[in-house]
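*Asks:* Can you keep this structure in mind? I'll have questions shortly.
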Amino acid sequence: MSLNIFSPIEINGHKIKNRIVMPAMVSFNYEVKDGEVNDKIIEHYTLRAKGGVGLIIIEAICVDEKLNCRLTKGELGLWDDELIKGHKKLVSEIHNENCTVLAQLSHAGIKGITEANIAPSDFEGTIINKAFKAKEMTVPQIKEIKDKFVKAALRAKRAKYDGVEIHCAHSYLLSDFISPLSNKRNDEYGGSLDKRMKLPLEILKEIRKECGNDFIISVRMGFDEPTIDEGIKIAKMFDTCGSDIIHISTGFGSSGYMSESIMPKAPNDFPLNIRIWASSQIKPYLSCKVIAVGGIRNAEDANTVIFEGYGDFAAVGRGLLCDPEFVNKIKENKKIANCFNCNKCMWSSGMEKCPGRKKYLDSLK
Ligand SMILES: Cc1cc2nc3c(=O)[nH]c(=O)nc-3n(C[C@H](O)[C@H](O)[C@H](O)COP(=O)(O)O)c2cc1C
Ligand code: SF4
87 MSLNIFSPIE INGHKIKNRI VMPAMVSFNY EVKDGEVNDK IIEHYTLRAK
137 GGVGLIIIEA ICVDEKLNCR LTKGELGLWD DELIKGHKKL VSEIHNENCT
187 VLAQLSHAGI KGITEANIAP SDFEGTIINK AFKAKEMTVP QIKEIKDKFV
237 KAALRAKRAK YDGVEIHCAH SYLLSDFISP LSNKRNDEYG GSLDKRMKLP
287 LEILKEIRKE CGNDFIISVR MGFDEPTIDE GIKIAKMFDT CGSDIIHIST
337 GFGSSGYMSE SIMPKAPNDF PLNIRIWASS QIKPYLSCKV IAVGGIRNAE
387 DANTVIFEGY GDFAAVGRGL LCDPEFVNKI KENKKIANCF NCNKCMWSSG
437 MEKCPGRKKY LDSLK
């Protein structure tokens, strides 16, 4: 029988019941204080786990307590042992629904929320019309950040996460290192692709060494650092160094291409989004699993990803924000609440203003 979204899959001994992934999505306006998981966060993810999704990647979690590490003040954290307790509760609720769960580990780099942002090189400019400024990191600072990623991964393991996703995309710190547009260093961490990849690969290898072979490690990377040719080389390097999953998104300068109007188009004969096209180009070179993401809003598109082999998993982001029961509804042939692509779920507006969610809640009345 051919593969479809309900085909189970196993990674490092973890059985994942289906191919639908909830990708990392910051829960804006969820009143997170000092990085701690709260009840709102637990409710948000448990609802999606109950809704049948196979793998949840918890939103960007900061590896350092400093504000310049964070992409929002209300970002979750794993920079201290004290924070493990909340994550443990979150993971346990998700596991109770037979759902696999990874923690996305992040450092905001150029896109931090202070005047003292850090990056591979001095930066002053705009990313999607927003101004950012950052200061070049010293080598001891780079080593310190590497250590923070590894310690956060160890805390994730103690909280019983099935693994982590290392955030190397969307203009955040590790993407800033990979891209020649933001990394102008001429020491061991900049210059050739090998040198620009040194920090992300060291973090990956060290997490593997410390967390063991049964821990799942995903890497979220940009296919366009700055072109698909580099994207293929970068993915091969992560694969060779032991990543279990590569999650293909966008790199420096893109902010994840949330708006269709600024997004480059996939070739005319490709049926889905540019990021999924990129996955289809990169996947043949890899031995690890691939998550394809971008604009998947229904069963047909998700099944096309799996059946055609564009990815081993289909990630559904905003579709799952709108309708937590996305997967169960596909199974039961019920109508899914539509996402309007309005991006009100982003930044200051938060989920409260999501019209898709309103439609979902209305459907329950
Ligand atoms: C509210 C919101 C928050 C997001 N936060 C993150 C994040 O924490 N980490 C990340 O890698 N991507 C983040 N993204 C990008 C999503 O993971 C995903 O790549 C994007 O929404 C495209 O998928 P979709 O078309 O299915 O929504 C976020 C997207 C949204 C809508
Ligand atoms: S309907 Fe708008 S606010 Fe809701 S998930 Fe979709 S893009 Fe976000």
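Be aware that the sequence shown starts at 87, since it is given in my numbering, and climbs by one per residue.
Yeah, the Cβ is synthetic: ideal placement off N, Cα and C, and Gly gets one too.
If you compare alpha carbons, which of M108, D120 and E122 is closest to I142?
*Replies:* On the sequence shown, residue 142 is found 56 positions in, with the first residue counted as 1. Selected option, being the one with the closest Cα: M108.
*Asks:* Thinking just about the alpha-carbon of each residue, which of D262, N182 and I392 is nearest to the one in I95?
*Replies:* Here residue 95 corresponds to residue number 9 of the sequence shown, with the count starting at 1. Measuring from the Cα of I95, the nearest candidate turns out to be I392.
*Asks:* What residue ranges within the region 174–220 form continuous beta strand (DSSP E) runs of no fewer than 3 residues, ordered along the chain?
*Replies:* List check, beta strand (DSSP E) in window: 186–192 and 209–213.
*Asks:* W433: buried (16+ other C-beta within 10 angstroms of its C-beta) or exposed?
*Replies:* Position 347 of the sequence shown holds residue 433. Result: exposed.
*Asks:* Who pairs with C148 in a beta bridge, going by DSSP?
*Replies:* Within the sequence shown, residue 148 is the residue found at index 62, counting from 1. Its beta-bridge partners are G163 and S192.
*Asks:* For L260, which residues in the same chain have their Cβ closer than 6 Å to its Cβ, ignoring the five residues on either side in sequence?
*Replies:* The residue given as residue 260 occupies position 174 in the sequence shown. So the list reads C254 and P286, once near-sequence residues are dropped.
*Asks:* Apart from the five residues on each side of it in sequence, which residues of its chain come closer than 8 Å, Cβ to Cβ, to G442?
*Replies:* Here residue 442 is taken as the residue at index 356 of the sequence shown, counted from 1. Hits under 8 Å: R404, L407, C408, D409, A423, N424, C425 and F426.
*Asks:* Could you name the residues that DSSP lists as bridge partners for L141?
*Replies:* Within the sequence shown, numbered from 1, the residue matching residue 141 stands at position 55. Partner(s): V107 and T186.
*Asks:* Can you give me the Cβ contacts of I416 inside the same chain, cut-off strictly under 6 Å, excluding the 5 residues immediately before and after it?
*Replies:* The residue given as residue 416 occupies position 330 in the sequence shown. The answer, listed in chain order, is A385.
*Asks:* Look at the alpha carbon of I320 and the alpha carbon of K237, and state the distance between them as a whole number of angstroms.
*Replies:* Position 234 of the sequence shown, counted from the start, is the residue given in the question as residue 320. Position 151 of the sequence shown, counted from the start, is the residue given in the question as residue 237. Approximately 24 Å between the Cα atoms of the pair.
*Asks:* Going by DSSP, what residue range makes up the alpha helix (DSSP H) through M323?
*Replies:* Within the sequence shown, the letter at position 237 stands for residue 323. It spans I314 to T326 - the alpha helix (DSSP H) in which M323 sits, taken as one unbroken run.
*Asks:* Just reading off the beta strand (DSSP E) that I422 is part of, what are its end residues?
*Replies:* Residue numbering aside, residue 422 sits at position 336 when the sequence shown is read from its first letter. Taken as a continuous stretch (DSSP letters only), I422 belongs to no beta strand (DSSP E), as it is neither H nor E.
*Asks:* Under the three-state reduction of DSSP, which class applies to R156: helix, strand or coil?
*Replies:* Here residue 156 refers to the residue found at position 70 when the sequence shown is read from its first residue. In this structure, R156 counts as coil in the three-state DSSP scheme.
*Asks:* Out of K174, E201, S257 and G276, state which residue places its alpha-carbon closest to the alpha-carbon of G249.
*Replies:* The residue labelled residue 249 in the question sits at position 163 within the sequence shown. Residue K174 is the option with its Cα nearest to G249.
*Asks:* Which ranges does the beta strand (DSSP E) cover as unbroken runs of at least 3 residues, wholly within the region 230–281, from first to last along the chain?
*Replies:* Those beta strand (DSSP E) runs which fall completely within the region 230–281 and span 3+ residues are 249–254.
*Asks:* Assuming F393 is part of the beta strand (DSSP E), what are its boundary residues?
*Replies:* As a first step, residue 393 must be located in the sequence shown, where it is residue number 307. F393 -> not in any beta strand (DSSP E); alpha helix (DSSP H) instead, spanning A385 to E394.
*Asks:* Within the present structure, is the beta-carbon of R443 separated from the nearest heavy atom of ligand 2 by less than 8 Å?
*Replies:* Taking the first residue of the sequence shown as 1, we reach residue 443 at position 357. Checking the Cβ of R443 against ligand 2 gives yes.
*Asks:* Using only the alpha-carbon positions, how far apart do N429 and K445 sit?
*Replies:* Locating residue 429 in the sequence shown gives position 343, counting from the first residue. Locating residue 445 in the sequence shown gives position 359, counting from the first residue. Between N429 and K445, the C-alpha separation is close to 15 Å.
*Asks:* Could you give the DSSP three-state label for F399: helix, strand or coil?
*Replies:* The count along the sequence shown starts at 1 and reaches residue 399 at position 313. Strand.
*Asks:* Looking only at its chain, what residues have a beta carbon closer than 6 Å to the beta carbon of G381, apart from the 5 residues adjacent to it on each side?
*Replies:* Within the sequence shown, residue 381 is the residue found at index 295, counting from 1. If we look at G381 and ignore the five residues flanking it on each side, its Cβ neighbours are N359.
*Asks:* Distance, Cα to Cα, D167 vs R241?
*Replies:* Locating residue 167 in the sequence shown gives position 81, counting from the first residue. Locating residue 241 in the sequence shown gives position 155, counting from the first residue. Approximately 7 Å between the Cα atoms of the pair.
*Asks:* Measure the C-alpha to C-alpha separation of Q367 and G395 and round it to an integer number of angstroms.
*Replies:* Translated into the one-based positions of the sequence shown, residue 367 becomes position 281. Translated into the one-based positions of the sequence shown, residue 395 becomes position 309. Spanning the two alpha carbons is a distance of roughly 10 Å.
*Asks:* Classify S329 as buried or exposed, calling it buried when 16 or more other Cβ atoms lie within 10 Å of its own Cβ.
*Replies:* Stepping through the sequence shown from its first residue, residue 329 is reached at position 243. It counts as buried.
*Asks:* Is DSSP giving M307 helix, strand or coil here?
*Replies:* Here residue 307 corresponds to residue number 221 of the sequence shown, with the count starting at 1. M307 falls in the strand class under three-state DSSP.
*Asks:* Would you check if there are 3 or more beta carbon pairs closer than 8 Å linking the region 182–199 to the region 153–163?
*Replies:* Taking 8 Å as the limit for Cβ pairs, the verdict is that the region 153–163 does touch the region 182–199.
*Asks:* With I360 as the anchor, note down where its alpha helix (DSSP H) starts and where it stops.
*Replies:* In the sequence shown, residue 360 corresponds to position 274, counting from 1. I360 to I368 is the extent of the alpha helix (DSSP H) around I360.
*Asks:* Taking only three categories from DSSP, how would you classify E222?
*Replies:* As a working note, residue 222 is residue 136 in the sequence shown. Strand, per DSSP.
*Asks:* Give me the residue from S93, E411, S340 and K439 with the minimum Cα distance to S449.
*Replies:* Along the sequence shown, read from residue 1 onward, the residue named residue 449 stands at position 363. Among S93, E411, S340 and K439, the Cα nearest to that of S449 is on E411.
*Asks:* For N215, count neighbouring C-beta atoms within 10 Å of its own C-beta (all shown protein chains included) and say buried if the count is 16 or more, exposed if not.
*Replies:* Locating residue 215 in the sequence shown gives position 129, where the first residue counts as 1. It counts as exposed.
*Asks:* Here's the rule I'm using: 16 or more other beta-carbon atoms within 10 Å means buried, otherwise exposed. How should T212 be labelled?
*Replies:* Your numbering for residue 212 matches position 126 in the sequence shown. So T212 counts as exposed.
*Asks:* Check whether the Cβ atoms of I473 and F235 sit closer than 9 Å, and answer yes or no.
*Replies:* Only positions 87 to 451 of the chain appear in the structure, and residue 473 is not among them; the question remains open.
*Asks:* Are three or more beta carbon pairs between the region 220–228 and the region 300–316 nearer than 8 Å?
*Replies:* As far as the Cβ criterion goes, the region 220–228 does not touch the region 300–316, which means the pair count is below three.
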